[in-house]
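Each protein sequence line maps, in turn, to chains F and P. Under my numbering, think of the first position of the first sequence as 1, with each following residue one higher. Under my numbering, think of the first position of the second sequence as 1001, with each following residue one higher. All C-beta atoms in this analysis are idealised placements derived from N, C-alpha and C, irrespective of residue type, glycine included. Just so you know, these numbers come straight off a predicted model, no measurement behind them.
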Amino acid sequence: AQSVTQLGSHVSVSEGALVLLRCNYSSSVPPYLFWYVQYPNQGLQLLLKYTSAATLVKGINGFEAEFKKSETSFHLTKPSAHMSDAAEYFCAVSGRNFNKFYFGSGTKLNVKP
Amino acid sequence: NAGVMQNPRHLVRRRGQEARLRCSPMKGHSHVYWYRQLPEEGLKFMVYLQKENIIDESGMPKERFSAEFPKEGPSILRIQQVVRGDSAAYFCASSPSTGGDTEAFFGQGTRLTVV
């Protein structure tokens, strides 16, 4: 069985501050892990994905995530928040065979000026 | 190359009516997935289709919901006799292949409101 837990439904940071969004997964097989971003009334856009290559994955817009098997985590970070980063972020794990995603409940990021 | 196109973007139905949601995948993509997002929740998998075939419908409610992806034309998610609890955003995604590491591209969603 696969599942994702995102700690913190709302995170607020100041512009220029570190962004850390937490994601822990549960998977009975080696997972594929994804971070998606959703802007208001929009679809989901892929930020980055882990597919069992390098454990530190770099994505778009300066985001990166590190796969830690011992902690079953895949936290998303960005060194310096920008106002345009305000959105909802979803962590997801997929099956090995096809894109059946199991999404976390999402974290809304607020960036204060 | 246009992205995944969903229409309508907003749909209002009265209880008991039918809702038909359409999804045109990206060009060259033959794998389509439907997800439902209830307010304040993450997306939940509903169904995975390949052209003319339902591969996995484990997330579909047993009654009133059906999906198809015909040889020609868009994929359709059909909800019969809608109820208030069906109010949600319905997202379609497509991918060019079936591997679990393949990026899925999402449409902008159809927001269904049942009054």
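* Asked: From F:Ala1, F:Thr5, F:Ser9, pick the residue whose C-alpha is nearest to that of Leu109 of chain F; which is it?
  -> Numbered from its first residue, the first sequence carries residue 109 of chain F at position 109. Here the closest residue by C-alpha is F:Ser9.
* Does the Cβ of Gln1006 of chain P have 16 or more other Cβ atoms within 10 Å, making it buried, or fewer, making it exposed? -> If you number the second sequence from 1, residue 1006 of chain P lands on position 6. Gln1006 of chain P is buried by the Cβ-count criterion.
* Indicate whether the contact test is met: 3 or more Cβ pairs, each with one atom in the segment 15-28 of chain F and one in the segment 70-81 of chain F, closer than 8 Å. => Yes, the segment 15-28 of chain F touches the segment 70-81 of chain F.
* Where in the segment 20-89 of chain F do unbroken runs of the alpha helix (DSSP H), each at least 4 residues long, occur, reported from the N-terminal end onward? -> None, since the segment 20-89 of chain F contains no complete alpha helix (DSSP H) of that length.
* Assign Gly1085 of chain P to one of two classes, buried (16 or more other C-beta atoms within 10 Å of its C-beta) or exposed (fewer than that). => Within the second sequence, numbered from 1, the residue matching residue 1085 of chain P stands at position 85. Looking at its Cβ environment, which holds fewer than 16 other Cβ atoms inside 10 Å, Gly1085 of chain P is exposed.
* **Per DSSP, the bridge partner or partners of Asp1056 of chain P** => Counting from one through the second sequence, the residue named residue 1056 of chain P turns up at place 56. Asp1056 of chain P is bridged by DSSP to P:Tyr1048.
* Asked: How do the segment 80-99 of chain F and the segment 1076-1091 of chain P stand: do at least 3 beta-carbon pairs fall below 8 Å, yes or no?
  -> Verdict: no, contact absent.
* Are Phe1045 of chain P and Phe101 of chain F close, meaning C-beta to C-beta below 8 Å? -> By one-based count along the second sequence, residue 1045 of chain P stands at place 45. By one-based count along the first sequence, residue 101 of chain F stands at place 101. The beta carbons of Phe1045 of chain P and Phe101 of chain F sit closer together than 8 Å.
* Of the choices F:Gly95, F:His82, F:Ala53, whose alpha-carbon is the least far from that of Ala1104 of chain P? -> The residue you call residue 1104 of chain P lines up with position 104 of the second sequence. If we check each option's Cα against that of Ala1104 of chain P, F:Gly95 comes out closest.
* Asked: With a CB to CB cut of under 8 Å and the five nearest residues on each side skipped, what residues in its chain are close to Leu1011 of chain P?
  -> By 1-based counting over the second sequence, the position of residue 1011 of chain P is 11. Cβ within range, chain order: Ala1019, Leu1021, Thr1110, Arg1111, Leu1112, Thr1113.
* Look at the Cβ atom of Ala81 of chain F, then the Cβ atom of Val4 of chain F, and state whether they are nearer than 8 Å. => Taking the first sequence and counting its residues from 1, the one referred to as residue 81 of chain F is at position 81. Taking the first sequence and counting its residues from 1, the one referred to as residue 4 of chain F is at position 4. Their beta carbons are not under 8 Å apart, which means Ala81 of chain F does not touch Val4 of chain F by this criterion.
* the segment 28-43 of chain F: which residues have C-beta closer than 7 Å to a C-beta of chain P, in chain order? -> So the close ones are Tyr32, Gln42, Gly43.
* In terms of residues, what are the limits of the beta strand (DSSP E) holding Asn101 of chain F? -> Locating residue 101 of chain F in the first sequence gives position 101, where the first residue counts as 1. Per the sequence shown, residue 101 of chain F should be read as Phe rather than Asn. Its beta strand (DSSP E) spans residues 101-103.
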